[in-house]
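Participant: Numbering (my numbering), first residue to last: 15 to 165. Glycine is no exception: its CB is placed at the ideal position from the N, C-alpha and C atoms. Since the structure is predicted, the reported quantities are computational estimates derived from the model, not experimental observations.
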Amino acid sequence: MPRLQSSTLFIATLLYLAPLSSEVIAGTTHYRWLNERGNPVHSDRPPPKGIDYEVITTGSGLKRVVAAEEGAVPAEATPRVGNEFEQQQVQEKNTVKNPEYCKRATENLETLTSAPRIRLRDEEGQFRFLSNEERETEIAKAEAAIATHCP
Numbered sequence: 015m016p017r018l019q020s021s022t023l024f025i026a027t028l029l030y031l032a033p034l035s036s037e038v039i040a041g042t043t044h045y046r047w048l049n050e051r052g053n054p055v056h057s058d059r060p061p062p063k064g065i066d067y068e069v070i071t072t073g074s075g076l077k078r079v080v081a082a083e084e085g086a087v088p089a090e091a092t093p094r095v096g097n098e099f100e101q102q103q104v105q106e107k108n109t110v111k112n113p114e115y116c117k118r119a120t121e122n123l124e125t126l127t128s129a130p131r132i133r134l135r136d137e138e139g140q141f142r143f144l145s146n147e148e149r150e151t152e153i154a155k156a157e158a159a160i161a162t163h164c165p
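This is the structure we're talking about:
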């Protein structure tokens with residue numbers, strides 16, 4: 015009997031939470047601004063007139079910055095004719111240049127491009143040679159590491 019109660023409780027919980035998850039999936043518009051104390055505020059309604067805010071659409075990842083002069087007009091976050099605004103990256107990539115990674119990637123690239131055959135140790139401790147496809151993959155990885163970590 016307790017097993018029946020727990021499964022009933024589980025199903026009831028799922029039915030209760032199902033409508034909440036559809037809002038997340040559908041993509042909604044949220045507003046973000048700083049209050050008079052400088053604390054960030056997130057809301058489903060725009061702030062009062064005279065406050066700078068951002069319109070964020072969760073489904074698309076677009077963000078629109080709205081000046082205080084524009085007022086609390088529910089702005090659209092999807093670009094269309096007559097709704098021109100500059101798109102901004104929501105998350106900026108902050109990659110720290112690492113000279114050690116740069117040096118190692120440069121050495122790897124030099125070895126991969128100059129040596130006729132590359133031998134490495136596999137999982138069982140046996141030596142094997144890189145195939146041409148593996149070599150090309152490793153060259154691409156080294157070039158990506160150089161682009162990321164070298165000044």
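Under the DSSP definition of a beta bridge, which residues are partnered with tyrosine 67?
Facilitator: Indexing the sequence shown from 1 puts residue 67 at position 53. Val80.
Participant: Starting from proline 113, trace the beta strand (DSSP E) both ways and give me its first and last residue.
Facilitator: Position 99 of the sequence shown, counted from the start, is the residue given in the question as residue 113. In the DSSP annotation of this structure, proline 113 is not part of any beta strand (DSSP E); the continuous alpha helix (DSSP H) holding it starts and ends at 113-128.
Participant: If you run the structure through DSSP and keep just helix, strand and coil, what is leucine 23?
Facilitator: The count along the sequence shown starts at 1 and reaches residue 23 at position 9. Leucine 23 falls in the helix class under three-state DSSP.
Participant: Look at the alpha carbon of proline 54 and the alpha carbon of leucine 76, and state the distance between them as a whole number of angstroms.
Facilitator: In the sequence shown, the residue the question calls residue 54 occupies position 40. In the sequence shown, the residue the question calls residue 76 occupies position 62. Using only the alpha carbons, I get a separation of about 19 Å.
Participant: I believe phenylalanine 141 touches arginine 135 by the beta-carbon criterion, under 8 Å. Please report the beta-carbon distance rounded to the nearest angstrom.
Facilitator: Within the sequence shown, numbered from 1, the residue matching residue 141 stands at position 127. Within the sequence shown, numbered from 1, the residue matching residue 135 stands at position 121. Contact flag correct, Cβ pair sits at about 6 Å.
Participant: Work out the CA separation of asparagine 146 and arginine 78 for me, nearest whole Å.
Facilitator: Mapped onto the sequence shown, residue 78 falls at position 64. Mapped onto the sequence shown, residue 146 falls at position 132. Their backbone Cα atoms lie some 47 Å apart in a straight line.
Participant: Got a sec, what are the start and stop residues for the beta strand (DSSP E) arginine 59 sits in?
Facilitator: Within the sequence shown, numbered from 1, the residue matching residue 59 stands at position 45. Neither: arginine 59 is in no beta strand (DSSP E) and is coded neither H nor E.
Participant: Could you check which residue in Lys63, Ile153 and Leu48 has the C-alpha nearest to that of histidine 56?
Facilitator: As a working note, residue 56 is residue 42 in the sequence shown. Among Lys63, Ile153 and Leu48, the Cα nearest to that of histidine 56 is on Leu48.
Participant: Alanine 5 and leucine 123: beta carbons closer than 8 Å?
Facilitator: Only positions 15 to 165 of the chain appear in this structure, which leaves residue 5 out of reach.
Participant: Tell me the DSSP secondary structure of threonine 42 in three-state form.
Facilitator: Translated into positions along the sequence shown, residue 42 becomes position 28. DSSP places threonine 42 in coil when its eight states are reduced to three.
Participant: Looking only at its own chain, which residues have a Cβ that is under 7 Å from the Cβ of proline 167, when we skip the five neighbours before and after it?
Facilitator: In this structure the chain extends from 15 to 165, so residue 167 is not present and cannot be described.
Participant: Would you report the Cα separation of lysine 111 and glutamate 148, rounded to the nearest angstrom?
Facilitator: Taking the sequence shown and counting its residues from 1, the one referred to as residue 111 is at position 97. Taking the sequence shown and counting its residues from 1, the one referred to as residue 148 is at position 134. Distance between the alpha carbons of lysine 111 and glutamate 148 is about 26 Å.
Participant: When the distance is taken between beta carbons, is threonine 43 closer than 8 Å to valine 80?
Facilitator: The residue labelled residue 80 in the question sits at position 66 within the sequence shown. The residue labelled residue 43 in the question sits at position 29 within the sequence shown. Their beta carbons are not under 8 Å apart, which means valine 80 does not touch threonine 43 by this criterion.
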